[in-house]
Each structure stands twice: as structure tokens, then as C-alpha cells.
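A.B. asks:
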Amino acid sequence: MTDRSVTQDRAPQGGATPARRFGDAGLLAGLAILLVLALMPQITAVAGGSYVLNLVMKAMILAIAAISLDLLIGYSGLVSFGHAAFLGLGSYVTGIALTEGIYGALPILGLVLLICGGFALVTGAISLRTSGVYFIMITLAFGQMLFFALSSLSSYGGDDGLTLWDTPDLFGAYVFQTGSGLFYSTLVVLALTWLAVGRIAGSRFGRVLRAGKESPLRVGVVGFDLYRFRLAAYVIAGLFAGVAGFLMACHTEFINPSTASWQNSGTLIVMVILGGMGTRNGALLGALFVVLIEEALSRYTVDWKLIFGPMLVLIALFAKGGLANLLARVGGGR
Amino acid sequence: MKKLACALGALLMATGMASAEDLKIGLVVTLSGPPAVLGKQIEDGFKLAIDDKDGKLGGLDTELFVVDSELKPDVALTRVKGLLERDQVDFVVGTVFSNVLGAIFKPVTRSETFLISPNAGPSTLAGRNCNPYFFSTSYQNNQNFETLGKHAKEQGIKSVFMMTPNYQAGRDAVEGFKKYYDGEITNEVYTPLGHQDFSAEIAQMSDSGAEALFTFMPGGMGVRFVKQFRESGLADKMTFLSAFTVDEATLPAQKEAALGFFGATNWAPSMDLPQSKKFVADFEAKYGYIPGGFAMQAYDAALLIDSAVRAVGGDLSDKEALRKALEAADFESLRGDFAFNNNHFPIQDFYLLRVDQRDDGKFWTVVDKKVFDDHTDSFAAECKM
Amino acid sequence: MSVVLALDGLVKSFGSLLVTDNVTLDLKPGECHALIGPNGAGKTTLINLVSGTLAPDRGKVVLADADISRLTPPQRALAGLGRTFQITTVIRSFSVLENVALAAQAKDGSSFRFFGTARNEDALNSRARAALETIGLGHRAAVRSADLSHGEHRLLELAMAIVGAPKALLLDEPMAGLGKGESAALTETLKTLKTQIPILLVEHDMEAVFKLADRISVLAYGKVIATGTPEAVRADEDARAAYLGTKLP
Amino acid sequence: MSSTLFLIQLLNGAQYGVLLFLIAAGLTLVFGVMGFINLAHGVQYMIGAYLTFMYFGVTGNFLTALLLGLVTALCLGLALEALVFRHLYDRDHLDQVLATFGIILFVNEAVKVIWGPGTLTLPAPEFLSASLQLTDNLLYPVYRLALIVVGVLVAAGLYLVVTRTRVGMLIRAGASNADMVSALGINIRRLFMIVFGFGAMLAGFAGALAAPVFTLEPGMGDNLLIVAFVVIIIGGIGSIRGAFIAAILVGLIDTLGRSLATDAMNLIFDASAANQIGPSIASMLIYIFMAAVLFFRPQGLFPAKGSA
């Protein structure tokens, strides 16, 4: 119809927008953060020691869950208040498998993916009938049901939880044993999650999700059954969080129902908002920030929430777009 | 990016400080939310012991690191790793709650640091998962309940209504009670943790016709339940048998509502022993409230460390010798007779306690009768140590 | 195929209120069929019945000889029914091009593709660009659609509706909120467009209606009270009565 | 279970439901009218209880303490509105979540620092301290009956205000179309401020009334907040009528569930399994109920937006 090269001249970037350029900066910032994390064993060897490395590991595992939650909150507009259920489920599947004599990391991960995916499919299929605040609450409901179910597993410690005396092995290698093996495994999973969520967000699938966040009506009218896309996103996010649960069980060598509590789901949401929604870096920064600040503040006072609470309020009031945006602004101002 | 790096650096410095002392002890207790009352007792009791020893346990300058578990296993775990790796403590003393103890148990014992529990005593750690690096100055959780079960049987109580929170300790309570009690159990009711309104359960009690009530409602739940139970008029019709429900932690809020109710444990602040009397007097003078079992067990934990460190002449590197010294339990416990069993849990007496009012108007528990003499827990046989 | 889209005896009531009363009308290739009527005549309900937001109590909607009455709105879109809204609903954070590319994507194989950057898919982008050129918005392709003017939003909606090469277009008041000049320009665009894709037009702007429409149906109290050429409708007594006080041009 | 016991349990369920309603009413108004997710509603409940406790210590009179507590709760609510909430009305829901979550952390900790972590008790007012003989051996405090009466009165009053008065009309109009209300020359910001202050006071009122039954603890509002959210979701956001009906339903389901779940499980499983599963099911019941309601009615029982 029209000469393509002419239109190409008009829009050489295929529709590049300021958001696109920001995305490139975000990519670099994200890689920089991952690089700093990769060097943490060396950095903490100089200052902080293995204790700080442990903290960073905890933050990285939570970051995997937070980034997967960002796929729902930030990219799809689905505020799930039950995301910690997948963390809990992943850790329980791991813990129960170890207790029952399954030690191979691959079969355990297979079980984690199967069970978390199944749970996500069933609860998502029901939850996604609702939207908005109703969705928030129905995901909370499913999270609570799982929490109470885990608490009643008397043979696996009930609400006291269960100490794990074994570690999953990968073909005889203990890469999930707490220490540097687990650190690098976690780093790899984190980087993969970060990459995958970015790729998914930019893909055809992600485009439908992002459009659906703004206008479900429009997405339906051009011919997409948004429900199926959202359900798929819900399952994908659940799978990533389930793997995070697996890593968490390896890291803490202990499973406990409180992992699946609504307070924990709330913390994940706070991480995502605090960091900045719809930017994977936000969830990553949010997780690091919450874990490290909590720990640093609690060193000074038992009543650290007196400081942390107002901090959150101030960020909500003044840092629109969260920490990632703040970082981008600082970076842009240079 | 640079700013971030600076901030990160500052953070690392802040969280990475450590200094050298002779004897370093980490205390892991819950200091957040309502259960902070219990954590505070342990902290105060432990500190009082250090003061009594002029700041030197076992003759070494003692530095105490108190961390708050926030009653969250993952938080406790993080902070305990801090104690172990950053502060390099020689002993970890904790915790109040079993689920928190479970979370920190493996990292502490694996690092070959001695872990002493001033309260929590889950059955697995007394039994099959007993550990050379783990000691308890309290009890195995079930024992207080066994005391009540035995008492109920001895009294010839024909039927009992059981109510505990729906969590592991609640289940242990029922199991412990049933071990000695063989009468009729009309109901077994499990309430949600943190339960607010017991009216539905109280209605069931009145309907059950049971002769006695057996319950375990720690903390705020106990305060609410005792108050509502008293208001329902059932207190005149059912014998109130409980553990951790009417104790020095809850009595300041329950007051006369709990008067005459029964509890059971290994000690009471009114106990007629010179060391105990001195402890209670000093404690009240210093902190302004009556110490409960939590404070007593923490004080004993400090005495235990003191005795062991003294016995090895301050040499903390020989773990084997230190363990031998701990096992000897060569100290004068506030509760009287005290010895360690093979599983490092105490062999001790258990009493039925009754809530009473002191001359100054305050409420505390008094010994009603001794139920067990030199009682050992039921799980020691499973321990291969 | 002489009829592209047919509404056959559609009935819809909310409780005891009959809002669509046995409506039958059709759309032939190359024509623009306008639906007019005073406020509350049931135009919005009728549009929702056609697009699938509401299900009719009775009657059916037939698109290219296929009964689409039981399909969901996305399925109807895929079956070849393009539509625009009275109130603009574009994806404001997307660029103009990406909005249209999103619509193009719906008709182009599976969208369950999780990798590969959608924004760089040339096939989608070139089709989107072609649609934009058709309606005269090509020069704005790279602009964030939130930054478009109101008139441009209407055009963008139209581009999104036509990019999938639908069999019929359902336009809900496309002229609403446009200035005189914009409205005239859009009328010209639609005049060309209707030869390729027949248009069912709901519109208040009588000037545009009478310029564009080949046939007009008048809706009052949920019923079609008159159908015919613009001239015939202008002369119709019932239609005049329905527009009491409004002068038909 | 005997029929007498069943009736008593109905009474207990209704009483719990009424209390839930008192908490949920303010929440559903603020949520429905202003579209504002106020997680801090739970701490406003706690503040009401603690303030009343504090004034009771000073005055020794429950009603005076309650009155002073309410006024203070209102002032604190308005102060919060001016300092924080006002700046978040136009913002993303999630910014509101973050800010109000921060407030929860701060207030819970502040209460712990000021009044200590322990459980505190507040006696019921003297003139309501009597008890009724319910059965041969069961007494029922008059205070609990008074609680039901007050709750029903508040429900009726709110319903009338929202459906019959000018302010109520504005509230409903403001919920469905804030721009239109502004266009009518009404100061929508002031309307929001009033609604918010009133909601905070209502939460505080619930806290003060609950204190003699439930005792006081830092964080006492957190779990109730979740249940209150369940209530307003089941009832349909913004609907006073829905909140009332849902609160009673949730109260009954929870209370009856706790006394019946284990017996019901006994029919299916053996005794020890039933003791295991029953209480867990009882804890889940209100969530299962909510999920079921949302499955069939994705907008709650009374979804009519802007109606009472």
C-alpha cells in the first residue's frame, strides 16, 4: 500500500518512545545490579562477612518471588495478595520430598513446578473471574487456605515447621547446599527470572498483558481472550515463586507455614511497589532494600518499625514510581 | 550507581561490626508484639544473673547480644546467623517458641556452638533429633501437661473438656495430658491461634457436663479466655486445669478473674527456697514485676553457663570438655533439684500451682502440691546420646 | 453474498423494560448503514448485542452467513467484526503504532509467544503502518498515544478496527467530540473505507450521517420505526415524530 | 448438639457479626466512596481501644472515656488525612497500600512503646456489668447483649444517613462520579475528609466497644482488618446493607463452623483425623465462603455501586 522505506524513515525505531529508551537504561541498571550481586562473595569477604552474604542471599531469593509477582502486578495489573502461598508451597514440596527420601534436585524441582503450577492453574482459574480489589481478596483467600492447610500437616511439624536434615543434590553435586554453591545457584535462577520476565513482558504475550492492564475492554474488542493470557501469566508467576520456595527451603534448611502467611504476601507486594512496578529492577531493588534496611535498622533498635514505617509512607508520598524510578532519575541527572 | 555503592558500603559496615570480648552470648527472644512480655522476662532474668556475677560468667568478661526473633522463623534465622558469623558468639540462648527454635536449631548446632533453651522444648529435640550441642534449662513441652493429667487422674476427675490452640504446642498439650489421664474426654476443641472470642467454646463447655476443663492458652489468649470464662459463671462449676494460661506473665492482666485456678510447672515464685526467694526479691526490686518461670529458666541458663565455663577454666575451645561441664549441671538451680538426662533435658520436680493473691494485692502462683518427683520426659529413650 | 451482517429479530429486556424490540436489519457490501434515534432509543444496547457484550433474549446476529450470537466479544472480533467505542479506549502508554500492531497481532497466529520482542516484528508493524496510512495517521506512528489529540484518538481507534481486515465495521459515534473540520475529514475517510468494509454506523451528527449513509434506520423505544435511503427517511413522518423538535437536515 | 446450644451459638455468632460490622462499616464507606484502600483501618480500631483505656485510667468512667476516646480518634484520623491520605486520593491504589502499610508498622510499634507489649483489660461499664442466666449453668454478660443492640442501631443509623440525607446522597454521588459532585459546587475534598474522619471514628468506636470483651494488645486490629475486608468484599464494596448482612453471615459461619466442623469431619474421618482436619477447615471457612461468593457473584452480594 505505502512504500515501507518511507514510513521506516518516519519511525526508524519501529515505534520507539521515551519508554523504550528508558527500558534500555533499565536493562543496563539491572545488569549492573546483577553484577554487583555476583561479586557479593568477594565484597563481603572484605566487609560484612558471610552474615551479610546470607542476608543478600535471602534478599535474592525473595527477589525471585518479587520479580515474578511484578509480572502480575506491574505488567498485568493483577494484584495478587496470595503470592507467598507459592513460596510456601515450593518450600513444603521440597521439604516433604527430602523427608520422604527424594534427594535429587531435578525430581524435586519437577514436583515443585508440577504442584505449584497445578495450584496456580486451579486457584487462578477461579480468581481471575474477578478483578480489581475482588481479585486481591480472593487471592488472599486462597493463600490463607493454603496457610491453614500447611499448618495442619502434623506429620511434618504442623505450625512448628520442620528442620531439613538433607540437601537436594544435582547428579551428586551439592550445588544447593547452603554456602557458595547455593549462592551461585540462586544467582543463576535470579538472573534467569529477571531475563525471562523481561523477555515475556516484551513478547507478543506480554504485550497483550500490558495492554490488558490498561484496558481489558480494548484487548477483548481487538480479539484477545484476556482471561487465558492472565491465567497463563498467573501460572508462570506461580512457577517462578515455587522455585524461589525451593531455594528458600535449601537456604533456611527449615520449612514453616509462616512462609505462606498473608503478612509475607504483603511484604512481597511492598517490595514490588517500593521498588517500582512494571520494572523488574524495581522488584529486585525492593527486595534488597526491605531485607537489608530491616536488618540494619534492627541492629540499632528493637523498635525499628518506628523508623521503617514512616520511611514507607515517605516513599509512597514522594518517590512516584518507586526506587527504580528514583535510581533512573539519579542516573539520568548525571 | 556510585551513590548506591556508597550506601551499600555504609550498610555493610553497619551490619558487619564485631568486637572482641572474652565470653560472648547471643540471646534470641521475641521482643515484638504481645509475646514480647515473655521475651522480656527471659532477657531480664538472664541479665540479672550476669549482674549477680558482676558481669563475669565463669570468670570471663561477658558480652550479651540480644536479638529479637519477632516470632518469625526466617527473621530469627537471619539474626542467629548474624550472631554466629559476625559476632561469633560462644553460646546461643533461646528461644521462647518452638517454631523459632526449630528454625535456628540446625545452623547453631552445626557451627558447634552450644544452644541452650530457656523455654521451648519440642519433642523432636528431646527425642530423635537430640544433639550434643543442645541443652534445655526448662522442660520438654509435654511435661507440664503430663503433670496436669496425672493430677486429674489422682483426683478422680471423671470427665474433662480439652481446649487448646490449633497448633503444634496445642497438640502436644493434649497428648501430654492424655498420657496420664484415662477418664472420659468429652470434647477436644482446637481454637485458632490468637483467638478473640471464646463464647462459642464456653457454650460448648457448659453443654458438655464435664467435671473439669483442661486448657493451654498462652499470652493474650489466656487473658481473654480467663476473663470470659469467669464471666460465664462456669468457674464455679468446672475445675480449671491449665498450663501457661494463668502465670506471672498473664496474671497482672487477669487479676482476680484467675483466682483459685490451677496451673502446673516446675517452679513458682512463691517457692520456699532461699535462692529462689532472693532471686524473686532482687528481680522485683530491679524490674518492678514478679518473675515467672521464663525468667527463672533464663537465670538458670546463665548459672549453667557460669558453672561450665568456670569448670573448664575459661577455655572455650575444648568443646568436649565444655560439654562434659555443662552435662554436670554443677550449679544451684532456683527450682531446687536439677540434673541433666541423657538428652540434655532436666530431670526435675513438677508441681500443681494455684493462683493466689499476695498481701500487697498482687497475684502470683503458689505450690498446691508436688505431682512428679525427679520427672524425666517421655522422649529421652528415643535419643541416641 | 449479498448481506454481510444481519440482525435477525433481536430482543432484549432488562426486567420488565423492553429495550430492544424485535430489531431486524442488515448491512450489504460496500454500504454504510446508519442507525439513528433519540437518546434512550436503545442504540447502545443494540451495539452491545451486536458486539457481544450483551446476550440477546431472542434473535440472532449473523456475520457472513455464520451465526455469531453465542460468541464472546473477542471471538466476534476474530470472526471479522471490527468496532470502535463512543469513549476512546486506546492503550495510552503504547505508541500509536504499537496500538495498531496489537490489534494486528490478534489476527496473526498465536499470541502465546513468550519470547521474541513483539515490538520488532516487522510483519505486524508494516500492517499496522498500512492501516494508519489508510486513515491518515501515518505521520503520528511513533507518538505515545496518550499525547494524541481527541480527533486523532478516534482515528487511531478506527485504524485498530480495520487492521485485521474485518468483514464489517461497527462504529459507535465516531464523530463525537470532533471539530467541524475533523468531522468532515473523517467523513471523507469513511466514505472511501466503506467501499472496502461495509459500516454499521451509530451517530448523532446528522450532517455526517446524511452525507455518509446509503441507508438509514431509525430506532425509537427499541424498535426500528423506519428504514430506507436518506431521502426516504427524511420524508418519513414517524422518523420526524421520533425526533420531535429536531430538524432532520 | 442440643438445640439450646445451637441457639446460644447463633447468639454468639450474631454478636461477633455485629462487632465485625462496626469495623467493616467505616472501611466500606472509605473504600466505596473514596476508592481508597485503607489498610490503616485496623490500627484505627486499636487506637480507639487504647485511647478509651487511657481515658478510663484518668476518669474512671467508661462512657466519659469512650466519648473522649472517640473525639481523640476523630482528631487523629483527621490529622492522618491531612498529612498522608489527602495526597494519595488521585494516586494508584498500590501507593495507598504502601503508605497505609507503613502507618500500620509505625502505630503498632508506637502503641507497644507507649503502653507496653502486654495484654491489657478494660472493665465493662458498671451499669452493664450484670449477667443473664442463659441456661442452668451458663451466664451471659449483659454487656454483650448491649453490643448487639448498639451495632444494630449503628447499622440502621448509617443506612438512614446514606439513603435519606443530603450528605448521604453526596456520599453516594461522590462514589459513582466525583467530577459531577465537584461540578455541583460541592467541595469533594471536604466530603472525603468528613467521610474519612467519620470512618476513623467508627473504627475507634468498634475498638473501644470490643475492648471489654476482647482485651487490648498491640496489633490487635491486624487480623480483624483482614476479616473486615472479607466482610466488605462479600457484602459488595460501598454497601452498608451488604456489609451488615455479610458481617452477620461471617460471624455465624465462623462461630458455628468452630463448634461444628470437628463433629462434621467425624462423620467422614476417624476421630484423630477429624480433630486434625476439623479445626483447619473451621479456620478456612470464611475464606472458602468468600471465594464461593466471588465465584458466583464476582462483585459481592450487593454490588450496586453507590447505593447503600
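So the protein lines, in turn, are chains A, B, C and D. Position one of the first sequence corresponds to residue -6 (my numbering), numbered consecutively onward. Position one of the second sequence corresponds to residue 909 (my numbering), numbered consecutively onward. Position one of the third sequence corresponds to residue 26 (my numbering), numbered consecutively onward. Position one of the fourth sequence corresponds to residue 62 (my numbering), numbered consecutively onward. All C-beta atoms in this analysis are idealised placements derived from N, C-alpha and C, irrespective of residue type, glycine included. Remember, predicted model here, so these are calculated numbers, not experimental data.
Is the CB of ASN318(A) under 8 Å away from at least one CB in chain D?
C.D. replies: No, ASN318(A) lies away from the interface with chain D (no Cβ there is under 8 Å from its Cβ).
A.B. asks: Step through the CB atoms of chain C and report whether any lies within less than 8 Å of the CB of SER196(A).
C.D. replies: Chain C contact via Cβ: present.
A.B. asks: What is the residue span of the beta strand (DSSP E) that GLU1092(B) lies within?
C.D. replies: Looking at the DSSP string, the run of the beta strand (DSSP E) that includes GLU1092(B) is 1092 to 1099.
A.B. asks: Could you compute how far the alpha carbon of ALA1247(B) sits from the alpha carbon of PRO1254(B)?
C.D. replies: Cα-Cα distance, rounded: 5 Å.
A.B. asks: Under 6 Å Cβ to Cβ from LEU62(A), same chain only, skipping five residues before and after it: list those, please.
C.D. replies: If we look at LEU62(A) and ignore the five residues flanking it on each side, its Cβ neighbours are HIS76, LEU261 and VAL265.
A.B. asks: Using DSSP bridges, identify the partner residues of PRO202(D).
C.D. replies: DSSP, once it has assigned bridges, lists SER192(D) as partnering PRO202(D).
A.B. asks: Output needed in chain order: residues of the region 1045 to 1057 of chain B with a Cβ under 7 Å from some Cβ in chain A.
C.D. replies: From the region 1045 to 1057 of chain B, no residue has a Cβ closer than 7 Å to chain A.
A.B. asks: LEU307(A): buried (16+ other C-beta within 10 angstroms of its C-beta) or exposed?
C.D. replies: Classification of LEU307(A): exposed, given that the 10 Å Cβ count is below 16.
A.B. asks: Under 8 Å, do ALA280(A) and ALA25(A) count as touching if we go by C-beta distance?
C.D. replies: Result no, Cβ atoms of ALA280(A) and ALA25(A) do not sit closer than 8 Å.
A.B. asks: Take ALA1028(B) as the anchor and find which of VAL1008(B), THR1017(B) and GLY1035(B) has the nearest alpha-carbon.
C.D. replies: Ranking VAL1008(B), THR1017(B) and GLY1035(B) by Cα distance to ALA1028(B) puts VAL1008(B) first.
A.B. asks: Is the beta carbon of LYS173(D) closer than 8 Å to that of PRO279(D)?
C.D. replies: A contact, by the Cβ cut-off of 8 Å.
A.B. asks: Going by the DSSP bridge assignment, what does GLY973(B) pair with across the sheet?
C.D. replies: Per the sequence presented here, residue 973(B) reads as Phe, with Gly not at that position. Paired residues: GLY934(B).
A.B. asks: Which residues of the region 974 to 1008 of chain B have a Cβ closer than 7 Å to any Cβ of chain A? Give them in chain order.
C.D. replies: Of all residues in the region 974 to 1008 of chain B, ASP976, LYS980, PRO981, ASP982, LEU985, THR986, LYS989, GLY990, GLU993, ARG994, SER1006 and ASN1007 have a Cβ within less than 7 Å of some Cβ in chain A.
A.B. asks: Considering only C-alpha positions, which residue in the set LEU214(D), THR89(D), PHE290(D) and ILE98(D) is nearest to LEU159(D)?
C.D. replies: Comparing Cα-Cα distances from LEU159(D) to each of LEU214(D), THR89(D), PHE290(D) and ILE98(D), the minimum goes to ILE98(D).
A.B. asks: Determine the closest residue to GLY103(A) out of LEU114(A), GLY150(A) and ALA90(A), with distance taken between C-alpha atoms.
C.D. replies: Nearest of LEU114(A), GLY150(A) and ALA90(A) to GLY103(A), Cα basis: ALA90(A).
A.B. asks: By Cβ distance below 6 Å, which residues in the same chain neighbour PRO359(D) in space, the five residues on each side in sequence not counted?
C.D. replies: Once the five neighbours on either side are set aside, PRO359(D) has no close Cβ partner at all.
A.B. asks: Is ASP156(D) close to chain A? Criterion is C-beta to C-beta, closer than 8 Å.
C.D. replies: Yes, ASP156(D) counts as interfacial toward chain A.
A.B. asks: Specify, as a first and last residue, the run of the beta strand (DSSP E) that ARG83(C) falls within.
C.D. replies: Segment 83 to 88, the beta strand (DSSP E) holding ARG83(C).
A.B. asks: Find the nearest neighbour of LEU985(B) within the set PHE954(B), THR1017(B) and ASP1238(B), judged by alpha-carbon distance.
C.D. replies: Nearest C-alpha to LEU985(B): THR1017(B).
A.B. asks: Would SER1184(B) be called buried (16 or more neighbouring beta carbons within 10 Å of its own) or exposed?
C.D. replies: Flag for SER1184(B) reads buried.
A.B. asks: Going by C-alpha to C-alpha distance, which of VAL249(C), ALA131(C), ASP230(C) and VAL258(C) sits closest to ALA66(C)?
C.D. replies: Nearest of VAL249(C), ALA131(C), ASP230(C) and VAL258(C) to ALA66(C), Cα basis: VAL249(C).
A.B. asks: Just to check my reading of the structure: LEU82(A) and ILE108(A) have Cβ atoms closer than 8 Å, yes? What is that Cβ distance to the nearest angstrom?
C.D. replies: Their Cβ separation, rounded to whole angstroms, is 6 Å, which keeps LEU82(A) and ILE108(A) in contact under 8 Å.
A.B. asks: Cβ atoms of VAL227(C) and LEU181(C): under 8 Å apart, would you say?
C.D. replies: Cβ atoms of LEU181(C) and VAL227(C): not closer than 8 Å.
A.B. asks: Which chain D residues are close to LYS1145(B), counting only those with a beta carbon under 7 Å from its beta carbon?
C.D. replies: Near LYS1145(B) (Cβ distances below 7 Å), the residues of chain D are ASN198.
A.B. asks: Going by beta carbon distance, what residues of the same chain come within less than 6 Å of ALA113(A), once the five residues before and after it are set aside?
C.D. replies: Once the five neighbours on either side are set aside, the close Cβ partners of ALA113(A) are TYR227, VAL228 and GLY231.
A.B. asks: Go ahead and label LEU20(A) buried or exposed: buried means 16 or more other beta carbons lie within 10 angstroms of its beta carbon, across all protein chains shown.
C.D. replies: It counts as exposed.
A.B. asks: Round the Cβ separation of GLY953(B) and ALA1206(B) to the nearest angstrom and send it over; I've been treating them as touching at under 8 Å.
C.D. replies: That belief holds up - the Cβ atoms of GLY953(B) and ALA1206(B) are roughly 4 Å apart, short of 8 Å.
A.B. asks: Give me the Cα-Cα distance between SER190(D) and PHE1152(B), rounded to the nearest whole angstrom.
C.D. replies: Near 28 Å, if we compare the C-alpha coordinates of PHE1152(B) and SER190(D).
A.B. asks: If the cut-off is 7 Å on Cβ atoms, which residues from the region 109 to 123 of chain A count as contacting chain D, listed in chain order?
C.D. replies: Residues passing the 7 Å Cβ filter: ILE119, ARG122 and THR123.
A.B. asks: Is there a Cβ of chain A sitting closer than 8 Å to that of ILE338(D), yes or no?
C.D. replies: Chain A contact via Cβ: present.
A.B. asks: Closest to LEU1167(B) by C-alpha separation, out of ALA1203(B), GLY1269(B), GLY1222(B) and SER1067(B), would be which residue?
C.D. replies: Looking at the Cα atoms, GLY1269(B) is the closest of the given residues.
A.B. asks: Considering just the uninterrupted stretch of the alpha helix (DSSP H) at TRP1272(B), what are its terminal residues?
C.D. replies: Careful: TRP1272(B) lies outside any alpha helix (DSSP H), inside the beta strand (DSSP E) at 1271 to 1283.
A.B. asks: Could you give the uninterrupted runs of the alpha helix (DSSP H) lying entirely in the region 95 to 137 of chain C, keeping only those of 4 residues or more?
C.D. replies: Correct list: 98 to 104 and 121 to 131.
A.B. asks: Looking at C-alpha atoms only, which residue of GLY105(C), ALA153(C), GLY62(C) and ALA59(C) is the closest neighbour of GLY77(C)?
C.D. replies: Selected option, being the one with the closest Cα: GLY105(C).
A.B. asks: Give the single residue among LEU81(D), GLY258(D) and GLY138(D) whose Cα lies nearest to the Cα of GLY296(D).
C.D. replies: Out of LEU81(D), GLY258(D) and GLY138(D), LEU81(D) has the C-alpha closest to the C-alpha of GLY296(D).
A.B. asks: Does the pairing of the region 247 to 266 of chain C with the region 167 to 184 of chain D give three or more beta-carbon distances under 8 Å?
C.D. replies: They do not touch, by the three-pair rule.
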